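Participant: First, the structure itself, so that you have it in front of you.
Protein chains in written order, with the UniProt record's numbering: chain A, 1 to 238; chain B, 1 to 238.
This is how it looks when you write it as structure tokens:
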């Protein structure tokens, strides 16, 4: 599959290496935010303050990676003046890391809310729906990053298609939380925090979907954002 | 100020025109989302259903502009292989329009919530704090787009510095809404909607700040994301 991108087709060995390097940096950044999301969720559900703080602190690492990768892309664009699929690779990376950075931001919010819930003497463990949503979002991000590494447009399509289930789960949680708040107004503050966490997870799902759209763009050369699933399917089979 | 970018320094007249064109498209897209934010807020505060629907529908126009501008940037990168400030212009545009598109998404959420509040028989008018936050965010976006058009790094710095006031206003509204919900649990559902709107406004503030960071990058050639205000000040005076 990897050969679709023809990363090794350049006469300049150094250019090949540069492209591989920047792609590896993106995969590394993906790994970091994936772990951040998983640990953010865990810190929330287990009321683990130490872990929550580490999740918040990881933000700096993610931000540094974003800036470094952007710099490398700019250097490659300036020195190598890439065309065709190399240029698409650069553009898709510049876009992808913006979404990865924002996934990191949302994961850090999970950690921050875990710390605040702890301060309020509450834990999120009882919200089984939040665990479901979190595991779903986490698994989807993992699949998307694998699809990114393998340039797997079919897997990307499936993730784009399934994003609506994440939205539905989020809506369900919102409804449940409203009921909970109405039943016991003393729970309003903590329920609101849980609702921020659910929102953060839903946004991680959105950013994951964006990354999948860039996979299609990279491999197929067509921008499928804001188009229908049918159009994306057609693009992929073309 | 405009000359800082040297848009007219190229031997190829056509290249000059292409850069001007794409920059004008960004300014146009900025104008569209700015109006969308203003009208989204108005539809919410005035419970104006027709306006709310128009705000939601504008999303398509914003999305189309994003895709068109991205395409134009890719074409310029491929054909003209820009270097130095021209390359920075391309990269800053690719980044800026992502934030503009997301501002459009958040504005559309204001419209959607205005429609839902109307369905629930509620209006947001009484939330004077939401009006303040909305007007503040709206005015900041206007300033940022003017700074973008004029390449005004000092104004950009001021907006970056003042983002924390928007965050503070958002925190205030959240606290007020919690109190409101606790006082009258029947208001929980509508208060939650208002809180989504406040969150959307706060995020518009974040995206506006991002745009200002790209202005500094474009003019000064330095990536100031994730750095301190002091470092940004130093970059600007260098």
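Even for Gly, the Cβ is constructed at its ideal location relative to N, Cα and C.
These figures come from a predicted structure and were not determined experimentally.
1) For my contact list, residue 133 of chain A and residue 198 of chain A are in at a C-beta cut-off of 8 Å; report their separation, rounded to the angstrom.
2) In terms of alpha-carbon separation, which member of A:182, A:221, A:99 and A:105 lies closest to residue 40 of chain A?
3) Can you check whether the CB of residue 157 of chain A is closer than 9 Å to the CB of residue 204 of chain A?
4) Assuming residue 214 of chain A and residue 43 of chain A are in contact, meaning their beta carbons sit under 8 Å apart, how far apart are those beta carbons, in whole angstroms?
5) If the criterion is Cβ atoms closer than 9 Å, does the pair residue 114 of chain B and residue 47 of chain B meet it?
6) Hey, could you find the ends of the alpha helix (DSSP H) residue 105 of chain B is sitting in?
7) Near residue 20 of chain A, which residues of its chain fall below 7 Å by C-beta distance, leaving aside the five closest residues on each side in sequence?
8) For residue 78 of chain A, which residues in chain B fall below 8 Å Cβ to Cβ?
9) So residue 144 of chain A and residue 36 of chain A are supposed to be a Cβ contact under 8 Å. How far apart are they, rounded?
10) Contact criterion: CB-CB distance below 9 Å. Does residue 231 of chain B meet it with respect to chain A?
11) Just mark residue 60 of chain A as buried or exposed, buried being the case when its beta carbon has 16 or more other beta carbons within 10 Å.
12) Strictly below 8 Å CB to CB, what residues from chain A border residue 189 of chain B?
13) Going along the chain, which residues of its own chain have a beta-carbon closer than 7 Å to the beta-carbon of residue 176 of chain B, five neighbours each way excluded?
14) Within 10 angstroms of its Cβ, does residue 146 of chain A collect 16 or more other Cβ (buried), or is it exposed?
15) For a test of your reading of the model: does the CB of residue 238 of chain B fall under 8 Å from any non-hydrogen atom of the ligand PLP? Yes or no.
16) Between residue 223 of chain B and chain A, is there a C-beta pair that is closer than 9 Å?
17) So what does DSSP say about residue 176 of chain B, is it helix, strand or coil?
18) For the alpha helix (DSSP H) containing residue 25 of chain B, name the first residue and the last one.
19) Look at the alpha carbon of residue 77 of chain B and the alpha carbon of residue 125 of chain A, and state the distance between them as a whole number of angstroms.
20) Using a Cβ-Cβ distance cut-off of 9 Å, determine whether residue 219 of chain A contacts chain B.
21) Taking C-beta pairs closer than 9 Å, name the residues in chain A that residue 63 of chain B reaches, listed in chain order.
22) Of all the alpha helix (DSSP H) runs that stay within the bounds of the UniProt domain "PhoU" (130 to 215) of chain A, which reach a length of 4 or more residues?
Facilitator: In brief:
1) Indeed, because the Cβ distance is near 6 Å, the residues count as touching under 8 Å.
2) Closest option to residue 40 of chain A, Cα to Cα, is A:105.
3) Not closer than 9 Å, so no.
4) With a beta-carbon spacing of about 29 Å, residue 214 of chain A and residue 43 of chain A fall beyond the 8 Å limit used to define contacts.
5) With a cutoff of 9 Å on beta-carbon distance, residue 114 of chain B and residue 47 of chain B are scored as near each other.
6) 84 to 119 is the span of the alpha helix (DSSP H), which, as asked, contains residue 105 of chain B.
7) Excluding sequence neighbours, residue 20 of chain A sits near 7.
8) Correct list: 83, 84 and 87.
9) Not quite, the Cβ-Cβ distance comes to about 15 Å (not below 8 Å), so this is no contact.
10) Answer no: the Cβ-Cβ gap between residue 231 of chain B and chain A never drops below 9 Å.
11) Its Cβ having fewer than 16 others within 10 Å, residue 60 of chain A is exposed.
12) Near residue 189 of chain B (Cβ distances below 8 Å), the residues of chain A are 178.
13) Within the same chain, residue 176 of chain B has close Cβ partners 129.
14) Exposed, since its Cβ has fewer than 16 Cβ neighbours within 10 Å.
15) The ligand PLP is absent from the structure shown, which contains no ligands of any kind.
16) By this cut-off, residue 223 of chain B is an interface position.
17) Here DSSP, grouped into helix, strand and coil, assigns residue 176 of chain B to helix.
18) First-last of the alpha helix (DSSP H) with residue 25 of chain B: 13 to 45.
19) C-alpha separation (whole angstroms): 50 Å.
20) No, because no Cβ of chain B sits closer than 9 Å to the Cβ of residue 219 of chain A.
21) The contact set of residue 63 of chain B on chain A, defined by CB atoms closer than 9 Å, consists of 225 and 226 in chain order.
22) Here the runs fully enclosed are 153 to 183.
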